[in-house]
Every structure is written in C-alpha cells, then in structure tokens.
Amino acid sequence: MTSVDKPTTTDPDAPRGDASRGAPAANGAHDPKAVTEAALFDAFGGVRGMVETVLPGLLFVTIFTINKDLHLSAIAALGVSLLLVAVRLIRRDTVKHAFSGVFGVAFGVVFAMMTGNAKDFYLPGMLYTLGLAIAYIATTIAGVPLIGLMLGPVFKENLSWRTRNPGRKKAYAKASWAWGLILLAKCAILFPLYWWADTTQLGWVLVALKIPPFLLAVYLTWVFLAKAPPPIDVFAEMEAEERAEEERKAAQAARPQPHDEL
Numbered sequence: 001m002t003s004v005d006k007p008t009t010t011d012p013d014a015p016r017g018d019a020s021r022g023a024p025a026a027n028g029a030h031d032p033k034a035v036t037e038a039a040l041f042d043a044f045g046g047v048r049g050m051v052e053t054v055l056p057g058l059l060f061v062t063i064f065t066i067n068k069d070l071h072l073s074a075i076a077a078l079g080v081s082l083l084l085v086a087v088r089l090i091r092r093d094t095v096k097h098a099f100s101g102v103f104g105v106a107f108g109v110v111f112a113m114m115t116g117n118a119k120d121f122y123l124p125g126m127l128y129t130l131g132l133a134i135a136y137i138a139t140t141i142a143g144v145p146l147i148g149l150m151l152g153p154v155f156k157e158n159l160s161w162r163t164r165n166p167g168r169k170k171a172y173a174k175a176s177w178a179w180g181l182i183l184l185a186k187c188a189i190l191f192p193l194y195w196w197a198d199t200t201q202l203g204w205v206l207v208a209l210k211i212p213p214f215l216l217a218v219y220l221t222w223v224f225l226a227k228a229p230p231p232i233d234v235f236a237e238m239e240a241e242e243r244a245e246e247e248r249k250a251a252q253a254a255r256p257q258p259h260d261e262l
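Numbered by the working numbering, the letters in the sequence shown go through residues 1 to 262 in order.
Below is the structure:
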C-alpha cells in the first residue's frame, strides 16, 4: 500500500477537525468552505484564468465578424494568447492556464489554416470539450473520478480519498458527474451549430457558453466538497512520521549501550 492509501492508526472516533485527520483546517481555525473555495479558485485559475480562456476566441470572432479575414483573426487570437503568457512570465505567475490557452488557440489556428474554413478554428476546442466530458463520466464509472485526481494534490490528500475517505470519494464522484453532464450539454449545443450555423454565429454562441457552464460546474463542485468530510493531508502525515522516526533514532542513540557501563 502506498503512503497516500495506507490506513490511519488514529482513533476513528476522533473529531473530524482533529490533527490526525490531516485536513487543511486541522487546527480548526479555518472554515472548510473557505478552504475549499480557495483551493478551487487556485485549481481552475480564478477570474484571470477565465479571462485568458475567453479573450482569444472573443478576439477571433470579433475580427472575423467585422472583415471576414481568417488569417488576421487567427493571428490576432494567437498573438493575444502569447501576450497573456508573456505577462505571466514577466510577473512570475503560474503559466499553466495561459499555456493551455495558447495550445488550444494554436491547434485551432493550424486546423483552420489547413482547411481554409474559419469554423474549424473552434473544432479542436469542441473535440477537447467532448473528450473531457467523456473522461469525467468514464473515470467516475470506473471508481476513480477525474475531479478527485485533479484536486487531490491541491488539497494535499493525493489519492487517500479512494480508500480512506469514502465520503470525500462520493463528493468527487458527484462533482465529476456534474462536470461530465454539463460539458455534454454544451457539446449538444455547439456541434449542431458547427454543421448548420455560419462562423460568426458559432463563434458568438461559443464565447457566450465559455463562462456560465464553467461557473455552474465549479459551483456544484464547491457545494459537494464543502459538505464532504475534510481531506486527509498525507503530506503532513508523512512529515509527522519522519519526525517521529528521527526522534526514535535520536532516543536510541542517546540510550546507554551495554559496553558503556563496563
């Protein structure tokens, strides 16, 4: 059994806020809902991450609506994505959300340039959304909900929720179902538009659907996790074990040896 899954030896009847549970609010000084909100805000990029997600597509559809120039629209979208990454690098902020935006826009630009169809700028992102929806549902059915895999390290619990925290595993399963079904509903709107609508109609609908479904999924995730048992901080547990082992070795070294008494 790995360190993140091994059974705890603490009293099962101990209060949930006890340090033996290893939760972020182990000392009882933090509101679990606030801790969950902060972790979700960090994991999904917050307001800035949403802006970085929406801005390239919004710029593309705005320019294309005005002049129908695929090349100019694509270059502008890619340029603003690179600019957002550069700003984060200069500020020494995390770039994971900005980089994901750059890769998404770059795939869209390449695909649209290859086919000559401006609507294909959106197709890679739509396919990614569909694949992500399937992944959320499939992993939940398999008993390893994707949200748990994503947020476990954020909450410092890794995979301990799988075997040691069934209430939390259930919350992750509910959240993953929410994400999967919301993204599937989004795809059910966008893919028919890809075939039947023109580029500007598809683009404006896609921009409009960027934030609301995302916020709904994040909110539901917060609701489910805020009501779940606190996470088990496996990093704190391992550090405590290491300290206990060091203390044991120090005590053993300080203990008089038989030959010292002769």
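All C-beta atoms, glycine included, are put in the ideal place defined by N, C-alpha and C. Quick caveat, the model's predicted, so the values are computed rather than measured.
DSSP state of residue 221, grouped into three classes? By one-based count along the sequence shown, residue 221 stands at place 221. DSSP places residue 221 in the helix class (H, G or I) of the three-state scheme.
State the start and end residues of the unbroken alpha helix (DSSP H) segment that holds residue 205. Here residue 205 refers to the residue found at position 205 when the sequence shown is read from its first residue. Per DSSP, residue 205 belongs to the alpha helix (DSSP H) from 199 to 208.
What residue from 128, 208, 169 and 164 has the CA that sits closest to residue 148's CA? The count along the sequence shown starts at 1 and reaches residue 148 at position 148. Distance from the Cα of residue 148 is smallest, within the candidate group 128, 208, 169 and 164, for 169.
DSSP on residue 234, reduced to helix/strand/coil? Against the sequence shown, residue 234 aligns to sequence position 234. Three-state DSSP puts residue 234 in a helix.
Confirm, please, whether the CB-CB distance from residue 140 to residue 188 is below 8 angstroms. Taking the first residue of the sequence shown as position 1, residue 188 is located at position 188. Taking the first residue of the sequence shown as position 1, residue 140 is located at position 140. In this structure, residue 188 lies away from residue 140, with their beta-carbon atoms at least 8 angstroms apart.
Would you identify the three-state DSSP class for residue 155, choosing helix, strand or coil? On the sequence shown, residue 155 is found 155 positions in, with the first residue counted as 1. If DSSP states are grouped into helix, strand and coil, residue 155 belongs with coil.
Are there 16 or more other CB atoms within 10 angstroms of the CB of residue 93, so buried, or fewer, so exposed? By 1-based counting over the sequence shown, the position of residue 93 is 93. Result: exposed.
For residue 103 and residue 171, what's the separation of their Cα atoms in angstroms? To locate residue 103, count along the sequence shown from 1; it is residue 103. To locate residue 171, count along the sequence shown from 1; it is residue 171. If you take the alpha carbons of residue 103 and residue 171, they lie about 31 angstroms apart.
Sorted by chain position, which residues of the same chain lie with C-beta nearer than 8 angstroms to residue 268's C-beta, five sequence neighbours on each side aside? In this structure the chain extends from 1 to 262, so residue 268 is not present and cannot be described.
Every unbroken alpha helix (DSSP H) within the region 87 to 133, with a cutoff of 4 residues, ordered by chain: Along the length of the region 87 to 133, whole alpha helix (DSSP H) runs at least 4 residues long occupy 96 to 115, reported in chain order.
Quick check: does the Cβ of residue 203 come within less than 7 angstroms of any heavy atom belonging to the ligand ZN? The ligand ZN is absent from the structure shown, which contains no ligands of any kind.
Am I right that residue 146 and residue 135 are in contact with their C-beta atoms under 8 angstroms? What's the rounded C-beta distance? The residue given as residue 146 occupies position 146 in the sequence shown. The residue given as residue 135 occupies position 135 in the sequence shown. With 8 angstroms as the limit, residue 146 and residue 135 qualify as a contact, their Cβ atoms being about 6 angstroms apart.
Where does residue 27 sit, in a helix, a strand or coil, going by DSSP? For this step, residue 27 is matched to residue 27 along the sequence shown. Here residue 27 scores only 41 on pLDDT, less than 50, and its place in the model is too uncertain to base an answer on.
Buried/exposed call for residue 22, threshold 16 Cβ in 10 Å: Within the sequence shown, residue 22 is the residue found at index 22, counting from 1. For residue 22, the pLDDT reaches just 41, beneath the cut-off of 50, and the residue's location in the model is therefore unreliable, although a value from the coordinates is still provided. Residue environment for residue 22: buried (at least 16 other C-beta atoms within 10 angstroms of its C-beta).
Determine the direct distance from the alpha carbon of residue 129 to that of residue 114, and round the result to whole angstroms. Working through the sequence shown from its first residue, we reach residue 114 at position 114. Working through the sequence shown from its first residue, we reach residue 129 at position 129. One Cα belongs to residue 114, the other to residue 129, and the distance between them is close to 21 angstroms.
Taking 8 angstroms as the threshold, find out whether the region 225 to 242 comes into contact with the region 155 to 163 through three or more Cβ pairs. Yes, the region 225 to 242 is in contact with the region 155 to 163.
Distance check for residue 238 and residue 250, CA to CA, integer angstroms please. The residue you call residue 250 lines up with position 250 of the sequence shown. The residue you call residue 238 lines up with position 238 of the sequence shown. Their backbone Cα atoms lie some 18 angstroms apart in a straight line.
Between the C-alpha atoms of residue 264 and residue 191, what's the straight-line distance to the nearest angstrom? The question about residue 264 has no answer, for the chain in this structure spans 1 to 262.
Leaving out five residues before and five after residue 229 in sequence, what residues of the same chain have Cβ atoms less than 7 angstroms from its Cβ? The residue given as residue 229 occupies position 229 in the sequence shown. So the list reads 16, 165, 167 and 168, once near-sequence residues are dropped.
Excluding the five sequence neighbours on either side, which residues of its own chain have a C-beta within less than 6 angstroms of the C-beta of residue 124, listed in chain order? If you number the sequence shown from 1, residue 124 lands on position 124. Shown here for residue 124: same chain residues with a beta carbon closer than 6 angstroms to its own, the five before and five after excluded, namely 107, 108 and 111 in chain order.
Taking 7 angstroms as the limit between beta carbons, can you name the residues of its chain near residue 61, skipping five residues before and five after? Taking the first residue of the sequence shown as position 1, residue 61 is located at position 61. Result list for residue 61: 200, 203, 204 and 207, in chain order.
When DSSP labels each residue in this structure, what does residue 248 get in the three-state scheme? Against the sequence shown, residue 248 aligns to sequence position 248. Three-state DSSP puts residue 248 in a helix.
Among 101, 247 and 218, which one has its Cα closest to the Cα of residue 38? In the sequence shown, residue 38 corresponds to position 38, counting from 1. It is 218.
Output the distance between the C-alpha atoms of residue 247 and residue 255, rounded to the nearest integer angstrom. In the sequence shown, counting from the first residue as 1, residue 247 sits at position 247. In the sequence shown, counting from the first residue as 1, residue 255 sits at position 255. One Cα belongs to residue 247, the other to residue 255, and the distance between them is close to 12 angstroms.
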